[in-house]
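This report refers to the structure that appears directly beneath it.
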Ligand code: F6P
């Protein structure tokens, strides 16, 4: 990053600002909120509680300009082959452009709409002729987290005609066992969601589900009416036995963690109907337009990205907490863990050279009111300096006096925590001393619905892209996950042979203990 002209001046500013308390920044500028918040319809970003000054902002924007961020954004949205290590585009933005859809995307929407309609009209039937009542999405990572996060958040908006939706991802089989225990094979439909259709987690669970159906329906082709496949590989879906009419396509130019906008979002479409699914696409598309057309100084994803760079590379903060103040966003932090850390958790630049600067910080999170009673202690009085994103919605859920009370309590707690982190508290009792000075963003959105969730996810996708451009890394591959998968297959083989002699001592020791244990 030292090649940027702005690097040196920003480093000097960082030395001063590290020593300057946020309280001082507020005391010296009565316009601080006015100066450091931006908005677009449906979303407002307050970054006044960051250690940012106009000079810092100028430097960061200068760095984005030097990195040709505007050009990169155009290339992303125009579908250039930005995922160069895999020779692919990363064209998730095309999936939400409904005014000018790509023909194969429009065709996939039609097939999704047909399936959704059949389910809602109770015309999709299992082997015994009974209508489907339960849909189980089997998938992991990008084939799980996005739809899981959205369908959980919008549970209360589920159409009355929708079947019940379940998610299974873990290869230990426990989640699947508990769902199979409460569902009926005659009326359960499985969605086998896997971009590659090679992921052992997903395929092993799908095999277990297949045996479960075959236990009660011996006719193989009737049993296969219980399986929808979603993948970029029709061949592999066909080999596994997915019937042609039950196959939904997507394309290698959609990254796994960017795929909830594709047919991978089928469960969202089932829950909300195609109109609801398209509301989500529309929200995301509005952010795409904002990202492409808005000057950096007012551009929400660009600013969140640049602020993250400032905190990570200049102020040397180590962690990023994600704190949504709405329990409907229970799975949002897990979703972002994949989006951010699988995208930018890398040490290699685009040209193959190793970086000599930090890239993606450790990101974690939890629904804010719960996190207050768990890890906020560290944010208030720990030794780590952490940046936090508070995510708050103007509207709560439900109506009436109690609902209004809970929403006000929720708003008060969100604002109290970001304020406490900023202001701190002096005390003669060292145990009650709070240093404050912990930086945060607050993203204020209108309400939790498909449109705003589409916006929220797209904001973070583009934050990640902005940072990748500055860090000069390819955010669209994930080679780092391969080694563990390869080693797991070798260890599985050792377990099958009950011979760990070729493995390291620690692995041998653990296996030995497992083998010696008499269950
Ligand atoms: O192992 C990581 C990963 O490849 C993710 O990038 C992806 O979202 C997940 O596995 C699932 O992959 P697939 O959809 O191909 O089963």
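Residue numbers (the numbering used here): 2 to 520.
Each residue gets a CB set at the ideal place from its N, CA and C atoms; glycine is no exception.
Three-state secondary structure (DSSP) of residue i
i	result
residue 171	coil
residue 111	helix
residue 38	strand
residue 387	strand
residue 441	strand
residue 382	helix
residue 92	coil
residue 349	strand
residue 78	helix
residue 180	helix
residue 2	coil
residue 44	strand
residue 205	helix
residue 1	Outside the displayed span of the chain (2 to 520) sits residue 1, for which this structure offers no information.
residue 477	coil
residue 144	helix
residue 458	helix
residue 497	helix
residue 189	strand
residue 154	helix
residue 470	helix
C-alpha distance - residue i paired with residue j, whole-angstrom precision
i	j	result
residue 507	residue 142	28 Å
residue 6	residue 62	11 Å
residue 184	residue 171	18 Å
residue 524	residue 109	This structure gives no information on residue 524, because the portion of the chain shown stretches from 2 to 520.
residue 219	residue 247	20 Å
residue 179	residue 123	25 Å
residue 214	residue 422	53 Å
residue 295	residue 289	10 Å
residue 198	residue 403	47 Å
residue 216	residue 202	22 Å
residue 355	residue 279	41 Å
residue 85	residue 298	29 Å
residue 424	residue 73	38 Å
residue 212	residue 277	34 Å
residue 26	residue 513	59 Å
residue 165	residue 449	20 Å
residue 20	residue 13	12 Å
residue 420	residue 101	44 Å
residue 458	residue 285	7 Å
residue 338	residue 29	36 Å
residue 511	residue 148	36 Å
residue 521	residue 245	Because the chain is modelled from 2 through 520, residue 521 falls outside the range shown and cannot be assessed.
residue 241	residue 224	13 Å
8 Å CB neighbourhood of residue i in its chain, flanking five on each side removed
i	result
residue 346	360, 361, 481
residue 38	45, 46, 47, 48, 49
residue 188	127, 131, 132, 133, 134, 135
Pair within 8 Å by beta-carbon distance, residue i and residue j
i	j	result
residue 316	residue 392	no
residue 375	residue 324	no
residue 312	residue 388	yes
residue 163	residue 196	no
residue 209	residue 174	yes
residue 139	residue 206	yes
residue 370	residue 411	yes
residue 527	residue 11	The chain is shown only over 2 to 520; residue 527 falls outside these bounds and no answer can be derived.
residue 366	residue 334	yes
residue 258	residue 204	no
residue 336	residue 99	no
residue 53	residue 308	yes
residue 169	residue 176	yes
residue 193	residue 230	yes
residue 65	residue 303	yes
residue 293	residue 78	yes
residue 504	residue 492	yes
Cβ shell of residue i (< 7 Å), same chain only, five flanking positions each side left out
i	result
residue 476	344, 345, 465, 466, 469
residue 385	319, 320, 379
residue 287	456
residue 328	368
residue 112	249
residue 264	109, 113, 231, 249, 250, 251
6 Å Cβ shell around residue i - same chain, five flanking residues per side excluded
i	result
residue 190	133, 136, 227
residue 92	80, 254
residue 58	none
residue 119	125
residue 509	501
residue 472	360
Residue i at chain E interface by Cβ criterion, 8 Å
i	result
residue 197	Absence of chain E from the displayed structure is noted, only one protein chain being present.
Legend entry - Within the stretch 240–328, ranges of the alpha helix (DSSP H) (whole runs, at least 4 residues): 267–294, 301–310
Inset, instruction - At 3 residues or longer, and completely inside the stretch 211–239: list those beta strand (DSSP E) runs for me, N to C. - result: 228–232
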